[in-house]
Amino acid sequence: SKNTDIEIEDLHELINPIIADTYGVIIYQEQVIQIAQKLAGYSLGEADLLRRAMGKKIKSEMDAQRDKFINGASSNGVDAKKAEYIFDLVDKFAGYGFNKAHSAAYALIAFQTAYLKANYPLAFMSALLTLDIGNIDKVSSIISETKRMKIEILPPSINYSSHDFLIEGESIRFSLSSIKNVGAQAVENICTERSKNGPYADIQDFISRIDSHFVNKRALEGLIMAGAFDEIEQNRALLMENVEILLLESSRLKKKNLDGQTDIFAGIEESKPEIRLPEKKEWTRSRKLAGEFEFLGSYLSGHPLQGYSRDVEKYSVTSYADFINNVKTKRHKQARLAGVIHARVNRRGKTGRNYSFIRFSDKSQEFETMFFSDIMDKFNEILFVGNVLIIKVDADLQGDSIRLRVNDVIQATEDDLVDTDKPDIVNDDLIRPQTEDLNREEKIVTQKYTIKISDITAIDLIAEKLELGKGSDIINLKFYDNNLKKDIKLEIGNTYSFDDDTEKYLSSIPGVVGINID
């Protein structure tokens, strides 16, 4: 190749001259047409039809073209397996190929952007993030790349964030406009008021100055869940519990100003009456992070894996970034990784067997894995979004790309259940003994209950209540997985006291949709 000692693959003497200029890589549409003509005897029109068929990815057309290509190549004395291999290479081209006439323009832009990224990384990445404001998936992907470049992403702030992603020192400040449900008018109102009258001192100062017509309930909830108020009020649970009170107070103050009411004590330096909000226990770390991911598409104040250091050490887990570096340099192809599931896509193969692409995130970056049917079926009940797993993977090198194939799964357990207030989620085949608790058979079981939930974050509040009363009742959770389109039953690994007051409280938790006696 041009810059390394890696030899260019010798595909076939008939087509080597066609791909010599691109160092053995099929890049241009013209190359596809020429390969089909030279190797398989296509006419110019037939070769163009092949190019179009590859772009459309219609299976029936591709099957017909595959047979035609292999038969034509065989007539030219090309081995059938070699012809099929070349056809597959040409087929892959459709994912990235382009017209040769465009190559100079594309190359110029590529070199310009590469130069900016290499020499002005802060400016380049902040501009790239700003370009995709409103697209949470793209912003999440760019943030992963930004973190890989060792650039810190600062969380959103009502006092420091703006419409755009801004450079702040050697870091980038997250944009208010990129928070889910926070619209342009809300951001404009917050930023304009702040530029006129200075930073917001506390939550009362904030709600007394913004316009609740623009900063409405959805916007305020988005700001809270994203952590934008943390510098003036760290208890996100308190703010979420009292969103309507805060908005009512904002509306009252606005109406008072519009009505021209004045304070008879305005001339006396006296603090304004404080809004008294009822006390509320702060959310667990895992629930706060889940909210961040929902509204930002990324974790900024921490990562779920920070609470699993015991299992990470016990199972000799390596980070994805370190593993990939080892694969590329030392050719180590196996490792144990840990991550929280972000997304799952189920597919069906040509043989009719199911498989899944599951996207994880660890503290280094996001990564995609492949679960074949045997592993997927064995561990299906714990392969849901939000769950933290330890996975054993094999890396398959395919050119410059790496595919991770999972061949074993372990359910991770949090280090400190007192800190997280989260019960064990137990799968009999996977969970290791964590305490000196008695075996299930040695306990006197009075009753079994199933709590059906629609939101995984409800587990934290359920746990908070159950932990107050140890007893002999067995509690199961049932959660509907949108990807699998079915209920998943989760068994809690301890027993609790379940009475009428407990049932009434649990039924009031958002996300709890039913409680049944088994």
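Position one of the sequence shown corresponds to residue 1 (the working numbering), numbered consecutively onward.
Backbone N, C-alpha and C define an ideal beta-carbon position, used for all residues, glycine too.
Taking the alpha helix (DSSP H) that residue i belongs to, which residues open and close that run?
| i | result |
| --- | --- |
| Asp520 | The shown model of the chain, from 1 to 518, leaves out residue 520, and the question about it has no answer. |
| Ser356 | Not the alpha helix (DSSP H): Ser356 falls in the beta strand (DSSP E), residues Asn354 to Ser361. |
| Phe124 | Pro121 to Leu131 |
| Gly291 | Arg285 to Leu296 |
| Arg310 | Ser309 to Lys314 |
| Arg66 | Lys59 to Ser75 |
| Gly514 | Not the alpha helix (DSSP H): Gly514 falls in the beta strand (DSSP E), residues Val512 to Ile517. |
| Ile410 | That residue, Ile410, is in no alpha helix (DSSP H); its beta strand (DSSP E) goes Ser401 to Gln411. |
| Ser523 | Shown here, the chain extends from 1 to 518; a query on residue 523 therefore has no answer. |
| Glu323 | Note on identity: in this sequence residue 323 is Phe, with Glu being the wrong assignment. Taken as a continuous stretch (DSSP letters only), the alpha helix (DSSP H) holding Phe323 covers Tyr320 to Thr329. |
| Lys92 | Ala80 to Phe93 |
| Glu241 | Arg236 to Glu241 |
| Asp48 | Leu44 to Lys56 |
| Gln306 | From DSSP, Gln306 is part of no alpha helix (DSSP H); its letter is neither H nor E. |
| Val32 | Gln29 to Ala40 |
| Gln220 | Reading off the sequence, residue 220 comes out as Leu, not Gln. That run of the alpha helix (DSSP H) goes Lys217 to Ala226. |
| Asn380 | Careful: Asn380 lies outside any alpha helix (DSSP H) and carries neither H nor E. |
| Pro17 | Asn16 to Ile19 |
Going by alpha carbons, who is nearest to residue i out of the options?
| i | options | result |
| --- | --- | --- |
| Asp79 | Tyr160, Ile18, Asp473 and Leu14 | Leu14 |
| Ile153 | Gly302, Ala47 and Tyr42 | Gly302 |
| Ser298 | Asp408, Gly307 and Asp137 | Asp137 |
| Val388 | Leu404, Leu108 and Gly307 | Gly307 |
| Gln65 | Lys81, Ser75, Glu46 and Gly77 | Glu46 |
| Leu253 | Glu366, Gln447, Thr450 and Ser212 | Ser212 |
| Ile602 | Lys280, Arg276 and Ala321 | Because residue 602 is not part of the residues shown, which for the chain are 1 to 518, the question remains open. |
| Asn135 | Val182, Ile375 and Lys478 | Val182 |
| Gly352 | Leu11, Ile58 and Phe372 | Phe372 |
| Glu221 | Lys180, Ile390 and Glu279 | Lys180 |
| Lys452 | Val90, Glu145 and Ser507 | Ser507 |
| Lys378 | Asp63, Thr329 and Asn407 | Asn407 |
| Glu145 | Met125, Asp164, Asp396 and His163 | Met125 |
| Asp396 | Leu277, Lys333 and Ala186 | Lys333 |
| Glu279 | Tyr115, Phe367 and Arg236 | Arg236 |
| Ile391 | Ile358, Arg276, Gln365 and Asp415 | Ile358 |
| Ser250 | Tyr85, Gln204 and Ser60 | Gln204 |
| Val90 | Gly55, His163 and Glu168 | Gly55 |
| Arg529 | Phe367, Asp415, Lys363 and Glu381 | Given that the chain is displayed from residue 1 to residue 518, the structure contains no residue 529 and the question cannot be resolved. |
| Lys150 | Asp48, Leu239, Leu305 and Gln365 | Gln365 |
| Gln411 | Tyr315, Ala107 and Ser140 | Tyr315 |
| Leu277 | Phe295, Pro304 and Leu238 | Leu238 |
| Lys255 | Glu84, Ile462 and Ser208 | Ser208 |
| Ala338 | Glu414, Leu300 and Leu296 | Glu414 |
| Lys92 | Met62, Phe295, Asp500 and Pro156 | Met62 |
| Leu305 | Lys363, Phe295 and Phe293 | Lys363 |
| Asp560 | Thr113, Arg51 and Leu122 | Any property of residue 560 remains undetermined from this structure, which presents the chain solely from 1 to 518. |
| Ser141 | Ser361, Ser60 and Ile462 | Ser361 |
| Phe165 | Asn119, Ile86, Val139 and Lys328 | Val139 |
| Ala219 | Ser178, Ala201 and Thr192 | Ser178 |
| Met225 | Ile462, Ile232, Glu292 and Phe206 | Glu292 |
Ordered along the chain, which non-local residues of its own chain (more than five positions away) have a Cβ less than 8 Å from that of residue i?
| i | result |
| --- | --- |
| Lys217 | Val243, Glu244 and Leu247 |
| Ile190 | Ile158, Leu176, Ile210 and Val215 |
| Tyr28 | Thr22, Gly97, Phe98, Asn99, Lys100 and Ser103 |
| Glu9 | Gly24 |
| Gln234 | Glu282 |
| Ser161 | Arg173, Phe174, Ser175, Leu176 and Ala228 |
| Val513 | Lys452, Ile453 and Ser454 |
| Glu188 | His163 and Phe214 |
| Glu168 | Leu154 and Tyr160 |
Among the residues of its own chain, which have a CB less than 7 Å from the CB of residue i, if the five just before and after it don't count?
| i | result |
| --- | --- |
| Asp263 | For Asp263, the pLDDT reaches just 46, beneath the cut-off of 50, and the residue's location in the model is therefore unreliable, leaving the point undetermined. |
| Ala335 | Thr318, Phe323 and Val393 |
| Tyr355 | Arg347, Gly349, Met370, Phe371, Phe372, Ser373 and Met376 |
| Val418 | At Val418, the pLDDT of 34 sits below 50, so the modelled position is not reliable and the matter cannot be decided from this model. |
Excluding the 5 residues flanking residue i on each side, which residues of the same chain have their C-beta closer than 6 Å to its C-beta?
| i | result |
| --- | --- |
| Ala40 | Phe69, Gly72 and Ala73 |
| Asn516 | Thr450 |
| Glu498 | According to the sequence provided, residue 498 is Phe. The question's Glu does not apply to it. Excluding residues within five positions, the ones whose Cβ falls inside 6 Å are Tyr449 and Asp473. |
| Pro510 | none |
| Val409 | Phe379, Leu389 and Ile391 |
Between which two residues does the beta strand (DSSP E) holding residue i run?
| i | result |
| --- | --- |
| Gln334 | Gln334 to Arg348 |
| Thr450 | Lys448 to Ile453 |
| Phe371 | Glu366 to Phe371 |
Please report whether the beta-carbon of residue i lies at a distance below 9 Å from any beta-carbon of chain C.
| i | result |
| --- | --- |
| His12 | Here there is only one protein chain, and chain C is not present. |
### Query
Would you say the region 180-198 touches the region 235-248, given that touching needs at least three Cβ pairs under 8 Å?
No, because fewer than three Cβ pairs between the region 180-198 and the region 235-248 fall closer than 8 Å, the two stretches do not touch.
#### Entry: Segment contact flag, the region 333-353 with the region 378-385, C-beta cutoff 8 Å, min 3 pairs
Pairwise C-beta distances place the region 333-353 in contact with the region 378-385, as three or more of them are shorter than 8 Å.
### Task
Kindly provide the ranges of any beta strand (DSSP E) runs that are 3 or more residues long and lie completely inside the region 142-189, ordered along the chain.
Scanning the region 142-189 for uninterrupted beta strand (DSSP E) segments of 3 residues or longer gives 166-168 and 171-173, listed from N- to C-terminal end.
### Task
Check whether the region 121-129 touches the region 164-183, taking contact to mean three or more Cβ pairs, one atom from each stretch, closer than 8 Å.
Between the region 121-129 and the region 164-183 there are three or more C-beta pairs closer than 8 Å, enough to call the two in contact.
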